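A.B. asks:
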Amino acid sequence: MMIVGSVINLFTGFIALMIAAQGGELWVAAMVHFATLPYNVFLVLALWRTPGRSRFMAWTSLVWLGTVTML
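With the working numbering applied, the sequence shown covers 387 to 457.
#1: Just the Cα atoms here: how many angstroms apart are W415 and W434?
#2: For M456, which of L396, F442 and G410 has the nearest alpha-carbon?
#3: Between the stretch 421-429 and the stretch 437-446, are three or more C-beta pairs nearer than 8 angstroms?
#4: DSSP three-state label for L457, please.
#5: Put F422 into one of helix, strand or coil per three-state DSSP.
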C-alpha cells in the first residue's frame, strides 16, 4: 500500500510542481496534487478493514495519509 501509493503521489506531486514552475495556474497544480486523495483514502480504509492487520500498521497508514496529503 505504502509503496504503490507513494509512487503515485510522487509522480502527481512532480507533475503539480512542474505546472507551478512553468507558470501554470495554481489551482490546476493544486487539483493535480489532490487528485490522488480519494485513492489514498481508499488504500487506508482498505488496510483498516483487513482482518489480520497490526495496530502499528493501521496507525502508520494514517500518518502516511497525512504526510502525502500535506506534502
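Ideal placement from N, C-alpha and C gives every residue a C-beta, glycine not left out.
Source: prediction; values computed, not measured.
C.D. replies: In short:
#1: First, the residue type needs correcting, since residue 415 is Ala and not Trp in the sequence shown. Using only the alpha carbons, I get a separation of about 30 angstroms.
#2: L396
#3: No contact exists between the stretch 421-429 and the stretch 437-446.
#4: coil
#5: Per the sequence presented here, residue 422 reads as Thr, with Phe not at that position. T422: coil per DSSP, three-state reduction.
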